[in-house]
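A short worksheet on the structure shown next.
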Amino acid sequence: MSAYDAISNTKPIAALPVLSFPLPSPGLALVTYPVTGADAPESLLRLFYKIFSDELESGCTYPQEGPMTYEAFLAYFFAATTIVGIITKVGSQGEIDTSGDLESAKAGRSWEECVGGCYYIKPNYPGRSSHNAGFIVPTHHRGKKIGLALGKSYLEYAPKLGYRGSVFNLVYKNNISSLAIWDQLGFTRVGIIPNAGRLKTGPSGVEEYVDAVIIHKNFV
């Protein structure tokens, strides 16, 4: 729970569309689907739970210490608006099908094969100060610029949810890929929190204290 007690979720000020973003790999794109926990198939939610649990176990990017229960994960990652990215083939004429739902986008593949990542968008603070997001990309799909595509989609969706800006509280300095994405998308590094995270980033996974970067961007 937040230090500010319960925080109410935002409601969209406009319908959230399905969007598409070309990937560097020839013939592939990332199609992003806005969902809530109730909208997503349980098999997909279970996959994201495993991905997130593995990320917590790595101890390098998120502040929580695992294990986290499935119910706690849903409350954390799928309680508000969550964007799911599906890797999709581009048609012979360059067309990208965004007309279907998550199940149709799966196109007979396993979730492990086609899911590129996801992120939540939810309030950071209550009432007069909100705006935050958290991203995960499966390890076997990293290095494909999927995180950048998800970041681009965030710039589209967050304003439609009524957010005027975004603050990422804890982007650890060892998370070089994440920092590079936000730099490329025009976010600003507004501060450093020294020794903010006790992470497993030392030799052989030894815990050490790592600085965190606070990142901000205005949407208006």
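Residue 128 in UniProt numbering sits at position 128 of the sequence shown, with consecutive numbering throughout.
Glycine included, C-beta positions come from ideal geometry on N, C-alpha and C.
Keep in mind that this is a model prediction, so the values were computed, not measured.
Thinking C-beta only, is G100 closer than 9 Å to I146?
Numbered from its first residue, the sequence shown carries residue 146 at position 146. Numbered from its first residue, the sequence shown carries residue 100 at position 100. Going by C-beta atoms, I146 is not nearer than 9 Å to G100.
Quick one: grab the DSSP three-state call for P83.
For the purposes of this step, residue 83 is taken as residue 83 along the sequence shown, with counting starting at 1. A small fix is needed here, since residue 83 is Ile in this sequence, not Pro. In the structure shown, I83 sits in a strand (DSSP, three-state: E or B).
Cα-Cα separation between Y4 and K122, rounded to whole angstroms:
Position 4 of the sequence shown holds residue 4. Position 122 of the sequence shown holds residue 122. Any reading at Y4 needs caution, since the residue's pLDDT is 38, under 50, leaving its predicted position unreliable; the model's value is listed next. Spanning the two alpha carbons is a distance of roughly 14 Å.
Pair within 9 Å by beta-carbon distance, F21 and A158
Counted from its first residue, the sequence shown places residue 21 at position 21. Counted from its first residue, the sequence shown places residue 158 at position 158. Going by C-beta atoms, F21 is not nearer than 9 Å to A158.
The region 206-216 / the region 177-192 touching (three or more Cβ pairs under 8 Å)
yes
Going by DSSP, which residues form a beta bridge with E208?
Here residue 208 refers to the residue found at position 208 of the sequence shown. Answer is L199, bridged to E208.
Around the Cβ of T32, are there at least 16 other Cβ atoms within 10 angstroms (buried) or fewer (exposed)?
What you label residue 32 is simply residue 32 of the sequence shown in a count that begins at 1. Buried, because 16 or more other Cβ atoms sit within 10 Å of the Cβ of T32.
Beta carbon of Y209: closer than 8 Å to some heavy atom of the ligand MN?
The ligand MN is absent from the structure shown, which contains no ligand whatsoever.
Just list the residues that DSSP pairs R189 with in beta bridges.
If you number the sequence shown from 1, residue 189 lands on position 189. DSSP lists I215 as partners of R189.
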